[in-house]
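Let me begin by presenting the structure, written as structure tokens, before commenting on it.
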Amino acid sequence: MNEAADPGDDVLMLAWASGDVASFERLYARHRGPLYRFLLRQLREPPLADELFQDIWQRVIAARDDWTPDALFRTWLFRIAHNRLADHWRAARHRPPAPADGDERAARQPDPSTPEHELSDFEQRRRLQRAIDRLPDDQRSVVLLRLEQELSLEEIGAVTGVGRETVKSRLRYAMDKLRAELNP
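Under our numbering, the sequence shown has 84 at position 86, and the numbering climbs by one with no breaks.
Printed below as a string of structure tokens:
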């Protein structure tokens, strides 16, 4: 496709900064899903993810006149999200603990699985999601940015504010933990 048919994010952002509202709508449509999924996976609370999602887009809107195409728009957007999440966790001082009656709640849920379905794709995905949820914040963040957002190591480094080697290290430790947990 040529650039006129599918302009890049930087072209859209510059056009929007010049007053082209349709360019913002295209940017928003292009990035809303991946950004929201990233927030939801980090926060695990849809109302909180909604709040931070809106806050991040408000920050994008506020910064449009000062934006320069020094980095990919997507990297810049996820950097804003990463910083906003860090602000949230810092304000909360800690992650909320699991409910005290969590095991009882889980035991009360009917188990629709049969031996044939126990190794189904759904069950494997659920196990993987739980294992990812148990990773430390910095490792979970790089795993989600790599696997779900398909960012390069350099892009993840730009988003999280650490070097490429630190990203590689966090990703390696996270993958080792996931392998150990999923293949006991």
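No residue lacks a Cβ here, since even glycine has one placed at the ideal position from N, Cα and C. No experiment lies behind these values; they were computed from the predicted model shown.
Distance between residue 99 and residue 53, taken at the CA atoms: about 33 Å. The three-state reading of DSSP puts residue 74 in helix, counting H, G and I together. For residue 165, the three-state secondary structure derived from DSSP is helix. Relative to the Cα of residue 49, the nearest Cα in the group 28, 24, 83, 25 belongs to 83. Burial is judged here by how many other beta carbons sit within 10 angstroms of a residue's own beta carbon; residue 76 has at least 16 and is buried. Contact check for residue 172 against residue 141 passes: the beta carbons are separated by less than 8 Å. Each of 161, 73, 39, 67 was checked against the Cα of residue 13, and the nearest Cα belongs to 67. Runs of the alpha helix (DSSP H) spanning 4 or more residues and lying entirely within the segment 132 to 182 occur at 135 to 145, 151 to 158, 162 to 180, in chain order. Residue 85 carries a helical assignment under DSSP once its states are collapsed to helix, strand and coil. If the five residues before and after residue 47 are omitted, its C-beta is found closer than 7 Å to the C-beta atoms of 34, 37, 38, 41, all from its own chain and listed in chain order.
Under the three-state reduction of DSSP, residue 61 is assigned to coil, being neither helix nor strand. Here the alpha carbons of residue 81 and residue 26 stand approximately 19 Å from one another. Under the three-state reduction of DSSP output, residue 6 falls in the coil class, being neither helix nor strand. Beyond the five residues adjoining it in sequence on each side, residue 97 comes within less than 8 Å, by CB distance, of 103 in the same chain, given in chain order. In the three-state scheme derived from DSSP, where H, G and I count as helix and E and B as strand, residue 107 is classed as coil. Shown here for residue 129: same chain residues with a beta carbon closer than 7 Å to its own, the five before and five after excluded, namely 176, 179, 180 in chain order.
Residue burial annotation: residue 19 is exposed, with fewer than 16 other C-beta atoms found within 10 angstroms of its C-beta.
Here residue 153 is buried: its Cβ has 16 or more other Cβ atoms, across all protein chains shown, within 10 Å.
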